[in-house]
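See below for the structure under consideration.
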Amino acid sequence: MLKLNHAVEIKKDHTERPLPPPPGLSKNNDGKSVSTLDKYADIFVKVKMLDWAQGQFSVLVPGIRENYPRLDIGDVIHLREVLVDWKTGSGFAFEGRVIRLKKREGFIHFSCPTLKTHIETFIIQEPSFQADEEVPPALNLSFITNARPSVVMDVAVSTLASALDSNGKRDVAHRWLFPEMDDLHLNLPVPSTPPNITGEVWVDNGLNAEQRFAASCISKFQSPVPFLISGPPGTGKTRTVVETVHQILHTQPEAHILLCAPSNSATDTLALRLGSSLKPGDMLRLNDQNRTFAEVPDSIRQFCYVENDSFAIPTWKMLMSYKVVVASCLDANNLVDAACTNTVLCALEEHVVSSLHPHRKIKYQIVPHWTHLLIDEAAQGSEPELLVPISVVLPRHELSAPNRTTSFDYHWLSTVPQLILCGDINQLGPIITSQQARTYELDVSLLERLFDRPLYAEHAEAHPRRLPLTGFLLHQNSVQSMFKPFVNLVKNYRSHPAILMPPSAMFYNDSLEPCASNGMIAWAGLSNNKYPLMFLGCDTKDESVDERATWFNIGEIDQIVEVISSLMSEAAKSIPPLQADEIGVMAPWREQVWKIRERLRQAGLSRVDVGTVEDYQGREKRVVIISCVRSSARFLAEDGQKGIGLVFEKKRMNVAITRAKELLVIIGNGNLLKYDPYWKGFLQFALRNALYVGPELALEDDGAWISRLESKTAEAEEEVGLATIDPTGMRATMMLAGGVIEEYTTKI
1 MLKLNHAVEI
11 KKDHTERPLP
21 PPPGLSKNND
31 GKSVSTLDKY
41 ADIFVKVKML
51 DWAQGQFSVL
61 VPGIRENYPR
71 LDIGDVIHLR
81 EVLVDWKTGS
91 GFAFEGRVIR
101 LKKREGFIHF
111 SCPTLKTHIE
121 TFIIQEPSFQ
131 ADEEVPPALN
141 LSFITNARPS
151 VVMDVAVSTL
161 ASALDSNGKR
171 DVAHRWLFPE
181 MDDLHLNLPV
191 PSTPPNITGE
201 VWVDNGLNAE
211 QRFAASCISK
221 FQSPVPFLIS
231 GPPGTGKTRT
241 VVETVHQILH
251 TQPEAHILLC
261 APSNSATDTL
271 ALRLGSSLKP
281 GDMLRLNDQN
291 RTFAEVPDSI
301 RQFCYVENDS
311 FAIPTWKMLM
321 SYKVVVASCL
331 DANNLVDAAC
341 TNTVLCALEE
351 HVVSSLHPHR
361 KIKYQIVPHW
371 THLLIDEAAQ
381 GSEPELLVPI
391 SVVLPRHELS
401 APNRTTSFDY
411 HWLSTVPQLI
421 LCGDINQLGP
431 IITSQQARTY
441 ELDVSLLERL
451 FDRPLYAEHA
461 EAHPRRLPLT
471 GFLLHQNSVQ
481 SMFKPFVNLV
491 KNYRSHPAIL
501 MPPSAMFYND
511 SLEPCASNGM
521 IAWAGLSNNK
531 YPLMFLGCDT
541 KDESVDERAT
551 WFNIGEIDQI
561 VEVISSLMSE
571 AAKSIPPLQA
581 DEIGVMAPWR
591 EQVWKIRERL
601 RQAGLSRVDV
611 GTVEDYQGRE
621 KRVVIISCVR
631 SSARFLAEDG
641 QKGIGLVFEK
651 KRMNVAITRA
661 KELLVIIGNG
671 NLLKYDPYWK
681 GFLQFALRNA
691 LYVGPELALE
701 DDGAWISRLE
711 SKTAEAEEEV
721 GLATIDPTGM
731 RATMMLAGGV
741 IEEYTTKI
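Numbering of the sequence shown is given in the UniProt record's numbering, commencing with residue 1 and proceeding in unit increments.
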């Protein structure tokens, strides 16, 4: 949790209130253990020998199987010697570092030479320990957080907090973090395209209308508020961001773009896609100096700067010459350390000019170096994390807030940097393990919070109604529609229409349009061969390891192996023939993942990809099988406290059910899942379309979340005499709903 001395509290009612500084990490307190790690601080642990010569030991920490506590290689651990008989400490303490995480076994390996020296000096003069042998003395264990990310975010928060406290009430900081209706009405977007550049030259000719709209708006207009790109799974968000960069460089030759994403993998993806059309002299992939070369894809190493066998910051002249700098949100702090921020650079230019001409008044508007900040996957990063690159691009207070109340200055607005955020607020957001931090809504991303502001949430096209299966937006005649500071990508290029039906209705305002050109999975196991989707009910018991550290379900594993074996026996009938590595299996607990892998290896199916839901975010497979695992209701509250599992976790559920391209199979206990309103809706969908197979499921269909796609499909089947058996009696309701939607939208 960060120390927010001057920050503001962000609440759902869109107001700004003073926020009392909660306890936690700060620049002056960077060694304090966070609450999720403190639970181990007073536990008597058994330390075992790993390698006596190297001073390496191991200790059992069962929770690391599910990243609880969240540890990384290099993290610091503290060990305190305990005098058990006196129930007090001896005064000796030791510091070690994590060298290996054995998550499957629940052990961490650490190096602590001082503990070895202490044992030799005070306990056993000539020790002789075997591997895995328990060593004295009695010890307490505590973990120390990696302070760097927290300190970096704290500095960024302080920078933005200072800007919010400035005299300019509606300066850039306010308009970026707390945009209001008047910010758009009083500061109308102005064209940014130079007169000598005309026409559109698309690098990616396969973009659809919404994607081109976003790229055109960002490259040709200077928006006074953040421009947001919302895209459900498979709608081409990153593709849109990459094309936007190309359009900015085409229409604004003097632009300098900072391109970021919360993770290194997402950032590398951006660099890979841009690297095919940009030269090394135009783009820099900026890395932290501690990142290893092995982590960086070979094809983008030519865009990295290396000095003394490690990643580094280029020389000043080189750094200023790059048109595009690509960095993770946290690594953007390297630009802060290098004093390469708009605030510093503008102040430097003003100082140099005034020093050269002390008796002249500067008659021109100082133009910031960084003209655009684009953040992809913005919903996955916490707000303090995104504030790091924002602090780089943020202009000086004097530049960002002209003296005006009812009019706007075209020249002033054309020099203000642009902020563009892209992501999906309905998928997994930032990982925040601290309950106190979640209380202060630190788990709500900046993108999600902005979309909840009236400027976006109450816009006429915030939740676009769409003509039946045509893809045209229904524009409203209003002042706001003159410029829309966001775009919703709705054309899905990943999944079969049936797979899109539940998530479209439950999470995306019934707006998704199937546009995929996929193959076809042939499988006799489908209960309804018109829908490549199936829910297999399984009520076998879930079991835990090491006092509920992680969970597995043997019955579901048996069904998974059976389904995959059946699919592969008919693989040649699919178009194209199905390969084992085109099948993905996901589960919310790592113990289930490990046991599934073991069983598949035994069955000769080791090429099947198995991982957690988090592992699959941003990925896709022709066939996806989901193991829900949980069947005991009494552990749901504990799951909620830890933020794990698939029940009452709608964002994780959404990620899971939107990875499949051609076939989706879900295995779980329907009689437990039905208490989750979103799983209830999914089960109702499965029941009314004869997609459920398994134990009797006591669930009435209330008609909620019937998508437009489902209604139109039911109507089409009825017309050609291929209607599915209607076990719930809801298909007539679906056809009626589809007709009402079509009639309503046609009249608008």
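Where a beta carbon is used, it is the ideal one built from N, C-alpha and C, also for glycine.
Please read these numbers as outputs of a predicted model, since none were measured by experiment.
Helix, strand or coil at residue i [DSSP, three-state]
i           : result
residue 749 : The chain is shown from 1 up to 748; residue 749 falls before or after that span and cannot be answered.
Pro468      : Residue confidence for Pro468 is low, a pLDDT of 37 falling below 50, so the modelled location carries little weight; the figure read from the coordinates is stated next. DSSP places Pro468 in coil when its eight states are reduced to three.
Trp551      : strand
Cys304      : coil
Met653      : helix
Asp30       : No answer about Asp30 holds up, because its pLDDT of 35 lies below 50 and its placement is not dependable.
Glu638      : helix
Ile666      : strand
Ser481      : Per-residue confidence for Ser481 stands at a pLDDT of 44, beneath the threshold of 50, marking its modelled position as unreliable; the derived number appears in the next sentence. Reduced to three states, the DSSP call for Ser481 is helix.
Asp510      : coil
Glu134      : strand
Gln427      : coil
Gly643      : coil
His537      : What sits at residue 537 in the sequence shown is Gly, not His. Note: Gly537 maps to strand in three-state DSSP.
Val47       : strand
Tyr456      : helix
Ser574      : coil
Phe486      : strand
Ala312      : coil
Gln559      : helix
Ile521      : coil
Leu442      : coil
Leu285      : The sequence shown places Arg at residue 285, rather than the Leu named in the question. In this structure, Arg285 counts as strand in the three-state DSSP scheme.
Gln125      : coil
Ser632      : coil
Test item: CB-CB of residue i and residue j under 8 Å
i      : j      : result
Ile119 : Ile99  : no
Pro384 : Val655 : no
Ala378 : Leu386 : yes
Leu374 : Val241 : yes
Ser230 : Asn488 : yes
Thr267 : Ala327 : yes
Thr415 : Pro368 : yes
Ser495 : Thr658 : yes
Gly91  : Leu115 : no
Arg622 : Glu582 : yes
Pro588 : Gly645 : yes
Lys573 : Thr235 : no
Val647 : Leu663 : no
His372 : Ile420 : yes
Leu207 : Glu243 : yes
Leu50  : Phe44  : no
Arg239 : Gln222 : no
Ala332 : Pro389 : yes
Asp424 : Pro232 : yes
Val353 : Ile362 : yes
Met283 : Lys323 : yes
Asn334 : Asp298 : no
One or two residues paired with residue i in a DSSP bridge
i      : result
Arg80  : Ala93 and Asn140
Glu543 : Phe552
Tyr678 : In DSSP, Tyr678 forms no bridge with anything.
Ser111 : Gln56 and Arg97
Asn492 : Pro514
Lys621 : Ala660
Leu567 : Answer by DSSP bridge pairing: none, since Leu567 is not bridged.
Tyr692 : Phe535
Check: residue i C-beta below 7 Å from any heavy atom of the ligand SAM
i      : result
Met568 : The ligand SAM is not part of the structure shown, which contains no ligands of any sort.
Practice problem: Take every Cβ of the segment 248-260, pair it with every Cβ of the segment 504-521, and state whether three or more of those distances are shorter than 8 Å. | Solution: no
Quiz item: Can you list the alpha helix (DSSP H) stretches of 4 or more residues lying completely in the segment 203-265, in chain order?
Solution: 209-220 and 237-251
Practice problem: Within the segment 577-618, note down every full alpha helix (DSSP H) run reaching 4 residues or more, in order along the chain. | Solution: 590-602 and 613-616
Quiz item: Okay, do the segment 535-542 and the segment 666-675 touch, 3+ Cβ pairs below 8 Å being the bar?
Solution: yes
Quiz item: Of all the alpha helix (DSSP H) runs that stay within the bounds of the segment 343-407, which reach a length of 4 or more residues?
Solution: For the segment 343-407, whole alpha helix (DSSP H) runs of length 4 or above, ordered along the chain, are 383-393 and 397-400.
Exercise. Evaluate the contact criterion for the segment 683-694 versus the segment 527-534: three or more CB pairs, one atom per stretch, below 8 Å.
Key: yes
Practice problem: Report yes or no: do the segment 59-73 and the segment 544-551 share at least 3 C-beta pairs separated by less than 8 Å? | Solution: Flag = yes, the segment 59-73 and the segment 544-551 touch.
Quiz item: Which ranges does the alpha helix (DSSP H) cover as unbroken runs of at least 4 residues, wholly within the segment 146-188, from first to last along the chain?
Solution: 147-164, 172-177 and 181-185
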